[in-house]
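Residue numbers (this note's numbering), protein chains in the order written: chain A, 1 to 140; chain B, 141 to 731. Structure, as structure tokens:
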Amino acid sequence: MLDLAVNSRETALRTLHGALAAHPAVADGERLLRDVLERVMLAPVCIAPEVALPHARTDAVTNLVLGVARIAAPGVGFDGEHPHVRLMFLIGAPRSAVDDYLRLVANISRVLKKEGTYAALLDAPDEHVFRAILARAAAA
Amino acid sequence: MKRMADPAKVLLERLMRLLRWRLWIQEKLQPTEWQITLMWAAVAGFTGAMSSMLFSVLAEGIHELLTGRSEGVVETMRLLPWWAVIGVPAAGGLLAGLTLALGKRIVRGQSSTDYMEAIVIGSGEIPVRTSLIKSAAALFSIGSGGSIGREGPMVQIAAVLASLIGRWRKFSPPQLRLLVACGAASGIASAYNAPIAGSFFVAEIILGTIAMESLGPLAVSAVVAALTVRGLTDAQQLYDVPPFKLSSAWEMIPYIVLGLIAGTLAPWFLRSLRRAEKWFVATSVPPIARLVLGGIIVGDLAVFYPEVAGNGYSVVVGILNGHVPWLALIGIMLAKWVATAASFGSGAPGGVFTPALFMGASAGYLFGTAVNMFWPTGAADPQAFALVGMGAFLSAASYAPVMAVIMLFEMTLSYDIILPLLLCSVIAYFTAKGLQGESLYSESLRRKAAETPRAALPAGNVRDLMKQNPPAVPTTARFAEIARMFLSVRVNNIYVTGKDGRFLGAVALHDIKPYLGDADLAGLVIANDIMREDFPRIGPDQSLSDALGGFLGQPLERLPVIDPDTGKLLGSLSKSDLLLALVEKRQKPTA
Numbered sequence: 001m002l003d004l005a006v007n008s009r010e011t012a013l014r015t016l017h018g019a020l021a022a023h024p025a026v027a028d029g030e031r032l033l034r035d036v037l038e039r040v041m042l043a044p045v046c047i048a049p050e051v052a053l054p055h056a057r058t059d060a061v062t063n064l065v066l067g068v069a070r071i072a073a074p075g076v077g078f079d080g081e082h083p084h085v086r087l088m089f090l091i092g093a094p095r096s097a098v099d100d101y102l103r104l105v106a107n108i109s110r111v112l113k114k115e116g117t118y119a120a121l122l123d124a125p126d127e128h129v130f131r132a133i134l135a136r137a138a139a140a
Numbered sequence: 141m142k143r144m145a146d147p148a149k150v151l152l153e154r155l156m157r158l159l160r161w162r163l164w165i166q167e168k169l170q171p172t173e174w175q176i177t178l179m180w181a182a183v184a185g186f187t188g189a190m191s192s193m194l195f196s197v198l199a200e201g202i203h204e205l206l207t208g209r210s211e212g213v214v215e216t217m218r219l220l221p222w223w224a225v226i227g228v229p230a231a232g233g234l235l236a237g238l239t240l241a242l243g244k245r246i247v248r249g250q251s252s253t254d255y256m257e258a259i260v261i262g263s264g265e266i267p268v269r270t271s272l273i274k275s276a277a278a279l280f281s282i283g284s285g286g287s288i289g290r291e292g293p294m295v296q297i298a299a300v301l302a303s304l305i306g307r308w309r310k311f312s313p314p315q316l317r318l319l320v321a322c323g324a325a326s327g328i329a330s331a332y333n334a335p336i337a338g339s340f341f342v343a344e345i346i347l348g349t350i351a352m353e354s355l356g357p358l359a360v361s362a363v364v365a366a367l368t369v370r371g372l373t374d375a376q377q378l379y380d381v382p383p384f385k386l387s388s389a390w391e392m393i394p395y396i397v398l399g400l401i402a403g404t405l406a407p408w409f410l411r412s413l414r415r416a417e418k419w420f421v422a423t424s425v426p427p428i429a430r431l432v433l434g435g436i437i438v439g440d441l442a443v444f445y446p447e448v449a450g451n452g453y454s455v456v457v458g459i460l461n462g463h464v465p466w467l468a469l470i471g472i473m474l475a476k477w478v479a480t481a482a483s484f485g486s487g488a489p490g491g492v493f494t495p496a497l498f499m500g501a502s503a504g505y506l507f508g509t510a511v512n513m514f515w516p517t518g519a520a521d522p523q524a525f526a527l528v529g530m531g532a533f534l535s536a537a538s539y540a541p542v543m544a545v546i547m548l549f550e551m552t553l554s555y556d557i558i559l560p561l562l563l564c565s566v567i568a569y570f571t572a573k574g575l576q577g578e579s580l581y582s583e584s585l586r587r588k589a590a591e592t593p594r595a596a597l598p599a600g601n602v603r604d605l606m607k608q609n610p611p612a613v614p615t616t617a618r619f620a621e622i623a624r625m626f627l628s629v630r631v632n633n634i635y636v637t638g639k640d641g642r643f644l645g646a647v648a649l650h651d652i653k654p655y656l657g658d659a660d661l662a663g664l665v666i667a668n669d670i671m672r673e674d675f676p677r678i679g680p681d682q683s684l685s686d687a688l689g690g691f692l693g694q695p696l697e698r699l700p701v702i703d704p705d706t707g708k709l710l711g712s713l714s715k716s717d718l719l720l721a722l723v724e725k726r727q728k729p730t731a
């Protein structure tokens, strides 16, 4: 989802979750949201000043699911240290998939570290380009 | 996105790199708990050797101080005037008695656990001060020429040091007992320069098993001890003997008879020592006076037979090399018997191991000479009979024929004698066992076990064995914090607990290993994200065999112990402790 016009962390999460809940791997959408919100309360989920990875290991999903959203400027505050988050990667992972979950998180962090990727993602004119940039960076 | 050179982040990256290195080394070297046990066994071997050498030096120093001479004990007794020959052992007895009396005041209330008790019926803890005082007293009785061996105190000190190391490293009782046994093995290995016998002595006599779980660490400790002694001194085999050979198969017949003789004499010898002890106690004179009296008896005998002084080592060397005429040996043997009974009975601290070797050598030599007179083919070389007699006597006295054979072999490096030695030792062992139920060591141990109210029985369930406060983190612990904990404690899984102490799961090093270099993860991921909730666990009241079942099929070194009612994490059970305890339990099914 691109350029979410939201003004709070929770609305951002709910909006992105709304799009993700339809995914066949999500068995219990409500629960997924609850678990993600709980996790976000528990400890910070940002890996860069403007990037958040809200996530939860939960029984609500049968497979690893990922939703990505770009939030319209100036972004939303996730916590005191991250007041302008622009990119949000929402991850739901089955409880047993510790390894898959860690691999995904590590990959996202690697992709975003790649020179220019972050800026390109922010500048991407549409979802198609956005996906292409992500795919290219992940494949490299 | 640009990377920031945040000092905290740099530190984090360094930390992660360090952890990756540790993991790399760990994977390459794979130090399991057993390897760590072996490493500490080696340390115990080294400290044991050092303390044994120190003890020897001190004993010689005291000998020189008391007599003004630096020759061996027997030689000194030959050179001293008669009044000094009586006076020196008496003075030694007095000093030993004073040390013990003074020591009793300092360590009032401390029990006098010796290393065997600590291993067999105790928790592996040996009181340090009592041991040191006893050893100091032993220095006086040995340095003054008491007819007593120095190996006892040497082994005791080596075991004390091992016990201290184990307590410092917070070893579990089974591990601590094993480490104390390693210390004892190192003491024997360095006292006799006999590493194999050192390990087998402890395995056979004290642990009662030669299972690799225990023999392995004992051997490592004994080898390190022997290497240390050989590296720092010019130690060779203890007894330099001429080559022996079995001249004819007929010789085995007298050897069988020698086995019977040694097997009969050894229990007598031990019984006479205990009787002497009772006699001294019955005189109802104070302990110091008893020790002085014991010294005077040894001194009186030494006026006529200087050979009775000391542990008898030099005389045994003389016998084995044929330097002692058999007629004189009859008198010396009887005098030595009385002298040892006087020293031991009067309460002089020390061992009777070397005096036992003396008795065996004398008996063997005299028997060999007698056979030789009437049937030269049956005993071509009486000195060989002396050597075999030593082994047989030791086997009968200690009830450890394997150790006796190995020890004799190591002390003389004479392989040719092994056939009669083996046969003779086994016969002596069975003869002694038939005559008397208990060995040099077992009786006092049994007595002590009966009077020790909280004799540490082999652990019966998981609670007895578990270690408290295993490494654990809260659910919110960051990846970096978890990584740091993996660095500081050597475990493969860190437990995760809730606020109320409930066990929730475990973070496996294996899971996070590939991501250790990732500093972003370090701040993002918390224990809650990566713990495995389905981690196997056991209850505190489960039996040891049930617990072993819990380990089956799991590549785990430890299992968390969870209270079944509250779900709280109580501790952790290590697989090596469990295996040791199961080995111990098999040894003492009735306890």
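Glycine included, every Cβ here is placed at the ideal spot set by N, Cα and C. Computed from a predicted structure; not experimentally measured.
Query                                                                                                                                      : Result
Alpha-carbon spacing of V432 (chain B) relative to V247 (chain B), whole angstroms                                                         : 23 angstroms
Beta-carbon proximity list for H82 (chain A), same chain, < 8 angstroms, skipping 5 on both sides                                          : P44, C46, P49, E50 and A52
Pairwise C-alpha distance: P541 (chain B) and P357 (chain B)                                                                               : 21 angstroms
Under 7 angstroms by beta carbon: chain B residues contacting V45 (chain A)                                                                : L664
Under 8 angstroms by beta carbon: chain A residues contacting T616 (chain B)                                                               : L42 and A43
Cα-Cα separation between S8 (chain A) and R603 (chain B), rounded to whole angstroms                                                       : 51 angstroms
DSSP state of R594 (chain B) mapped onto helix, strand, coil                                                                               : Residue placement at R594 (chain B) is flagged as unreliable, the pLDDT there being 45, under the threshold of 50; the coordinate-derived value follows with that caveat. Note: R594 (chain B) maps to coil in three-state DSSP.
Span of the alpha helix (DSSP H), counted from its first residue to its last, around M41 (chain A)                                         : G29 to L42
Other residues of its chain near N451 (chain B): CB distance less than 7 angstroms, five sequence neighbours each side excluded            : I288, G289, R290, T494 and P495
From B:K715, B:W408, B:F549 and B:D703, residue whose alpha carbon lies closest to that of P695 (chain B)                                  : B:K715
Inter-residue spacing [alpha-carbon to alpha-carbon] between L180 (chain B) and A648 (chain B)                                             : Reading the sequence as shown, one finds Trp at residue 180 (chain B) and not Leu. About 26 angstroms.
Whole-number beta carbon distance between M499 (chain B) and L405 (chain B), since they are thought to touch under 8 angstroms             : 7 angstroms
Strand pairing of I91 (chain A), partner residues [DSSP]                                                                                   : A:H55 and A:L66
Per DSSP, the bridge partner or partners of Q608 (chain B)                                                                                 : B:G711
Per-residue burial, T187 (chain B) [other beta carbons within 10 Å of its own, 16 or more giving buried]                                   : buried
Contact belief for L572 (chain B) with A536 (chain B) at Cβ below 8 angstroms, rounded distance in angstroms                               : The sequence given here has Ala at residue 572 (chain B), not Leu. With a Cβ gap of about 4 angstroms, A572 (chain B) and A536 (chain B) count as contacting.
Sufficient close CB pairs (3 or more, under 8 angstroms) joining the stretch 458 to 476 of chain B to the stretch 390 to 404 of chain B    : no
Within 8 angstroms of chain A by C-beta, residues of the stretch 650 to 661 of chain B in sequence order                                   : D651, I652, P654, Y655, D658, D660 and L661
Neighbour flag for R95 (chain A) against chain B, beta carbons, 9 angstroms                                                                : yes
Sub-9 angstroms separation of G487 (chain B) and R430 (chain B) beta-carbons                                                               : yes
Short Cβ contact (9 angstroms threshold) for L235 (chain B) with S284 (chain B)                                                            : yes
Neighbour flag for R370 (chain B) against chain A, beta carbons, 9 angstroms                                                               : no
M774 (chain B), buried or exposed, once every other Cβ within 10 Å from all chains shown has been counted against 16                       : One cannot answer for residue 774 (chain B) here, as it falls past the ends of chain B, which runs 141 to 731.
Opposing strand residues paired with N601 (chain B) [DSSP bridges]                                                                         : B:S683
Reduced DSSP category for F643 (chain B) - H, G, I as helix; E, B as strand; rest coil                                                     : strand
Between the CA atoms of S712 (chain B) and G227 (chain B) - distance to the nearest angstrom                                               : 60 angstroms
For S271 (chain B) and I305 (chain B), believed in contact at Cβ under 8 angstroms, the rounded distance                                   : That belief does not hold up - the Cβ atoms of I305 (chain B) and S271 (chain B) are roughly 14 angstroms apart, past 8 angstroms.
Stretch-stretch touch, CB-based, cutoff 8 angstroms, three pairs: the stretch 685 to 693 of chain B with the stretch 128 to 136 of chain A : no
is_contact[A595 (chain B), chain A] using C-beta, thresh 9 angstroms                                                                       : Low local confidence applies: a pLDDT of 44 at A595 (chain B) is under 50, so the model's placement there is unreliable, with the coordinate-based value given in what follows. No - not a single Cβ of chain A is within 9 angstroms of the one on A595 (chain B).
Nearest-angstrom Cα separation, counted from T207 (chain B) out to A329 (chain B)                                                          : 29 angstroms
Contact test: A124 (chain A) Cβ vs the ligand MN heavy atom, cutoff 8 angstroms                                                            : Ligands are entirely absent from the displayed structure, and the ligand MN is therefore not among its contents.
Residues of its chain near P74 (chain A), where Cβ-Cβ distance is below 6 angstroms and the 5 sequence neighbours each way are ignored     : H84
C-alpha gap between M141 (chain B) and V98 (chain A), whole angstroms                                                                      : Since pLDDT at M141 (chain B) reaches only 46, below the 50 mark, its modelled position is unreliable, and the value read off the structure follows with that caveat. Cα to Cα, the separation comes out at about 27 angstroms.
Proximity of D556 (chain B) and P676 (chain B) at Cβ, strictly below 9 angstroms                                                           : no
Span of the alpha helix (DSSP H) around V111 (chain A)                                                                                     : V98 to K113
Backbone secondary structure at V723 (chain B) - three-state DSSP                                                                          : helix
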